[in-house]
Structures are given as structure tokens and as C-alpha cells.
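With the sequence shown counted from 1, adding 23 to any position gets you my numbering. A virtual CB, placed ideally from N, CA and C, is assigned to each residue, including glycine. To start, the structure under review is shown below, and the notes come after it.
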Amino acid sequence: MKDTKVKFDIENGQSFFADEVGVIHNPLKIILDFRSITPRVDVRNQEYQTLVLRHNVILMDPYTAKSFFDVLGKNIKNYEKEFGKIEKPSQLKKLEKKAAVKSSKKGNKDSPTYFG
24 MKDTKVKFDI
34 ENGQSFFADE
44 VGVIHNPLKI
54 ILDFRSITPR
64 VDVRNQEYQT
74 LVLRHNVILM
84 DPYTAKSFFD
94 VLGKNIKNYE
104 KEFGKIEKPS
114 QLKKLEKKAA
124 VKSSKKGNKD
134 SPTYFG
């Protein structure tokens with residue numbers, strides 16, 4: 024019997040920067056939805072800001088997802104050991120604080136803020 028040779032070609036996908044990720048699951052799959060939100064500038068349009076949302080969805084069986092979780096955890100631990108603790112960027116903290124203050128000033132419109 025003659026051996027059959029096999030050649031594999033690797034298709035390298037495009038790089039994708041994720042601003043956020045959503046995770047959901049069902050009994051058979053763990054679904055990671057990586058999202059990137061990018062503004063578009065159109066000097067002709069003064070009415071609204073255009074944002075483009077792109078998704079890259081990864082589906083894994085639960086065992087593979089758990090293995091990914093373990094590898095990711097080890098890599099984050101090694102990263103923090105080499106470069107220091109990963110913390111929320113100060114710019115994001117400032118934005119969240121600003122949004123919280125703005126939200127508290129508006130009050131909850133669904134219910135009264137004062138009973139007199």
C-alpha cells in the first residue's frame with residue numbers, strides 16, 4: 024500500500040482588535056462575540072456621528088472553551104508577573120465617573136425622586 028502525502032496550507036486571518044466581548048452559552052457551545060466599534064468621519068455629514076460595529080464570533084465546545092480559559096489565565100498571570108498588574112485605564116475610570124454623575128443628576132424618570 025502506497026503512503027499518501029498530504030500538504031497543509033495555512034490561511035492566516037486578518038488581525039482584529041476587540042473593544043469588548045460578549046459571552047453566551049447553550050448546552051453544546053460556548054459563544055464568544057468579539058466586537059470592535061470604530062467611528063467614521065464624514066465632513067459632509069454634520070447631523071450625526073457614524074459608528075461601525077464589527078463582530079468576530081468564535082464558537083467552542085465546552086471542553087475547548089475550558090482549555091482556552093486555562094491557557095488565557097496562565098498567560099495573564101505571566102503578563103502581570105512581567106509587566107505588573109493589569110488595571111482599568113484611568114481614562115476609562117474618568118469616563119465612567121463622569122457618566123455616573125450625569126446619570127445621578129438626571130434621576131430615575133420611571134419613579135419619582137422625592138416624596139413630599
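If you look at glutamate 43, you'll find it in the beta strand (DSSP E) that goes 43-48. The continuous beta strand (DSSP E) containing phenylalanine 57 extends over residues 53-63. Where valine 29 is concerned, there is no enclosing alpha helix (DSSP H), because DSSP gives it neither an H nor an E. Contact between isoleucine 54 and valine 80 holds, since their C-beta atoms are separated by about 6 Å, short of 8 Å.
Under the Cβ criterion (8 Å, minimum of three pairs), the region 38-58 counts as touching the region 72-90.
For isoleucine 99, the enclosing alpha helix (DSSP H) stretches over residues 85-106. For lysine 125, the enclosing alpha helix (DSSP H) starts and ends at 113-129.
If you check the CB distance, arginine 63 and valine 75 come in under 8 Å. Between valine 124 and glycine 107, the alpha-carbon positions lie close to 31 Å from each other. Comparing alpha-carbon positions, the option among Asn68, Arg77, Val94, Lys129 lying closest to valine 44 turns out to be Arg77.
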